[in-house]
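Engineer:
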Amino acid sequence: MRNETLYAVGVSGEDVVGNSGPLSMLACGMPKKLDDFFEVYGKANGPGGGGFCSVSPGLPRSAPGATLLLGVLLAAFGLRRGRNRA
């Protein structure tokens, strides 16, 4: 891709047996050169970096609660299973 060039992009998925899904609506855009926060921070000798971000954009707000509930259910199932073996 080249900066300052207009592109139209569409995506389509493929399942495990090779069937193609429908093409999405086309999105148009033009990439531009920029310095993001991390580039500017690094050039200014910022002391952080080298790790992984723990936040995933796009997750619903209920995801932490759902994860906690799943953990509790799995723990309860594991305890119940352990009692049946004894």
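Residue numbers (this note's numbering): 1304 to 1389.
Beta carbons are placed, not taken as given, at the ideal position from N, Cα and C, and that holds for glycine.
Note that the coordinates shown come from a computational prediction; the quantities given were computed from them, not determined experimentally.
Quick check on this structure: which residue in T1308, G1374, A1379 and T1370 has the alpha carbon closest to the alpha carbon of C1331?
Structural biologist: T1308
Engineer: Between which two residues does the beta strand (DSSP E) harbouring V1314 extend?
Structural biologist: Per DSSP, V1314 belongs to no beta strand (DSSP E) and is neither H nor E.
Engineer: Looking at the unbroken alpha helix (DSSP H) that takes in G1345, where does it start and where does it end?
Structural biologist: F1340 to K1346
Engineer: With distances taken from CA atoms, which of L1326, M1328, V1312 and N1348 is nearest P1334?
Structural biologist: V1312
Engineer: List the endpoints of the continuous beta strand (DSSP E) containing G1332.
Structural biologist: Counting along the chain, the beta strand (DSSP E) containing G1332 begins and ends at A1330 to G1332.
Engineer: How long is the line joining the alpha carbons of D1339 and L1373, rounded to whole angstroms?
Structural biologist: If I take the Cα positions, the gap works out to 36 Å.
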